[in-house]
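Undergrad:
Number of protein chains: 2
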Amino acid sequence: MTDETTIVRNTRQRAAVRDLLADCEGFHSAQDLHAILRERGERVGLTTVYRTLQGLADAGEIDVMRPPGGEHLYRRCSEGHHHHLVCRDCGRTVEVEGPAVETWAQRVAGKHGFVDVSHTMEIFGTCPECAAARS
Amino acid sequence: MTDETTIVRNTRQRAAVRDLLADCEGFHSAQDLHAILRERGERVGLTTVYRTLQGLADAGEIDVMRPPGGEHLYRRCSEGHHHHLVCRDCGRTVEVEGPAVETWAQRVAGKHGFVDVSHTMEIFGTCPECAAARS
DNA sequence: GCGCTTTTGACAATCATTACCAATATCGCG
DNA sequence: CGCGATATTGGTAATGATTGTCAAAAGCGC
Chain E
1 MTDETTIVRN TRQRAAVRDL LADCEGFHSA QDLHAILRER GERVGLTTVY
51 RTLQGLADAG EIDVMRPPGG EHLYRRCSEG HHHHLVCRDC GRTVEVEGPA
101 VETWAQRVAG KHGFVDVSHT MEIFGTCPEC AAARS
Chain D
1 MTDETTIVRN TRQRAAVRDL LADCEGFHSA QDLHAILRER GERVGLTTVY
51 RTLQGLADAG EIDVMRPPGG EHLYRRCSEG HHHHLVCRDC GRTVEVEGPA
101 VETWAQRVAG KHGFVDVSHT MEIFGTCPEC AAARS
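Sequences listed follow chains E and D, in order. Numbering of the first sequence is given in the UniProt record's numbering, commencing with residue 1 and proceeding in unit increments. Numbering of the second sequence is given in the UniProt record's numbering, commencing with residue 1 and proceeding in unit increments.
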């Protein structure tokens, strides 16, 4: 336990979680993923799902989003880092990219001497359809 | 029910929460604020603090930040909208402004037809001191 | 195969937030 | 000014996601 032990052993459970994330494109909660694994017949404990997701998140292999609802959502980290535009009403999500934002965040953090920088950004609004339905 | 029932009555409790937020510059959790009110002798229920904060947040009078820790943090909304650079280790927070980000968010959301746009952004990193201490 | 270590996982614990609902305070109005 | 309808309060219970615990089981180096 002296060195930074991340994930040192390959286990059936971790593989299951990884595979599942590879299959599911969008965001899913830990509880969600656990339920899906159960349905598939994979026997993985809820605790393990949480731990694995945390590990993967720490390792930067997956993204975490924390919507106002309270549940954390995890997603396989696609190469292109991008952000989310979420409709307040229907929950529809659009993925958007913002290279300018990335560099801005890096620059600002660097200016204050911060290192190992990451960031989260979410844009909320009302999508055209909901706005129309709202009358 | 056609009209948005926001806050229709002025009560001692709501005033207390507002005043408190006016005093405290930084971010505070609901539980925090409640404890402070208690110490001050103001008798305000925890439930009411939560409700009031939610109302104020909805009305756009205060900002909400949701750090990884899980506790929601509320802050009196200063006129200049700005974001936060948070140290992962010591929790030190630096306020940063990014006009470019604001306009970018608006533009991107608008491009997708979204209206009534708001956004949240947080930058995480390791501050110089913690980075040094980390060796 | 052996043994040391990591990992698992069922369950309990934690903890912020929300629901409930009777008691209370507010405010318009006569 | 007082009354009454109604918004609001607040103690407590419920909710529900996440984390802690720790004995049992599984990996991996040899």
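Even glycine gets a Cβ: it sits at the ideal position worked out from N, Cα and C.
Which of helix, strand or coil does DSSP assign to residue 130(D)?
TA: Residue 130(D) sits at position 130 when you count from the first residue of the second sequence. Reduced to three states, the DSSP call for residue 130(D) is helix.
Undergrad: Could you pull out every residue in the same chain whose Cβ sits closer than 6 Å to the Cβ of residue 44(E), ignoring the five residues on either side in sequence?
TA: Counting from 1 along the first sequence, the entry for residue 44(E) is found at position 44. For residue 44(E), where only same-chain residues beyond five positions count, the Cβ hits under 6 Å are 13, 16 and 37.
Undergrad: Please check if any C-beta of chain E sits within less than 9 Å of the C-beta of residue 5(D).
TA: On the second sequence, position 5 is the one that residue 5(D) refers to. The predicted position of residue 5(D) is uncertain, since its pLDDT is 43 and thus under 50; no value can be drawn from it.
Undergrad: On the premise that residue 119(D) lies in contact with residue 123(E), defined as a C-beta separation below 8 Å, what is that separation, rounded to the nearest angstrom?
TA: Position 123 of the first sequence, counted from the start, is the residue given in the question as residue 123(E). Position 119 of the second sequence, counted from the start, is the residue given in the question as residue 119(D). With 8 Å as the limit, residue 123(E) and residue 119(D) qualify as a contact, their Cβ atoms being about 4 Å apart.
Undergrad: Contact check, residue 96(E) vs residue 108(D) under 8 Å by CB: the rounded distance?
TA: Taking the first residue of the first sequence as 1, we reach residue 96(E) at position 96. Taking the first residue of the second sequence as 1, we reach residue 108(D) at position 108. Contact holds; Cβ gap of about 5 Å.
Undergrad: If the cut-off is 8 Å on Cβ atoms, which residues from the region 104-121 of chain D count as contacting chain E, listed in chain order?
TA: From the region 104-121 of chain D, only 104, 105, 108, 109, 112, 113, 114, 115, 116, 117, 118, 119, 120 and 121 have a Cβ closer than 8 Å to chain E.
Undergrad: Which whole runs of the beta strand (DSSP E) in the region 5-76 of chain D are 3 residues long or more, in chain order?
TA: The qualifying runs are 62-65 and 73-76.
Undergrad: Chain D beta carbons: is any one of them nearer than 9 Å to that of residue 98(E)?
TA: To locate residue 98(E), count along the first sequence from 1; it is residue 98. Chain D, which has a Cβ nearer than 9 Å to the Cβ of residue 98(E), makes this yes.
Undergrad: Can you have a look at residue 41(E) and say buried or exposed, based on whether 16 or more other CB atoms are within 10 angstroms of its CB?
TA: As a position in the first sequence, residue 41(E) is number 41, starting the count at 1. Looking at its Cβ environment, which holds fewer than 16 other Cβ atoms inside 10 Å, residue 41(E) is exposed.
Undergrad: Compare the C-beta of residue 73(E) with all C-beta atoms of chain D and state if any pair is closer than 9 Å.
TA: For this step, residue 73(E) is matched to residue 73 along the first sequence. It does not; no Cβ of chain D falls within 9 Å.
Undergrad: So with CB distances below 7 Å, who are the chain E contacts of residue 62(D)?
TA: Numbered from 1 along the second sequence, position 62 holds the residue referred to as residue 62(D). Those within 7 Å of residue 62(D) in chain E number zero; the least Cβ separation is about 14 Å.
Undergrad: At the level of alpha carbons, what is the spacing between residue 35(E) and residue 19(D)?
TA: Along the first sequence, read from residue 1 onward, the residue named residue 35(E) stands at position 35. Along the second sequence, read from residue 1 onward, the residue named residue 19(D) stands at position 19. The straight-line gap from Cα to Cα measures roughly 46 Å.
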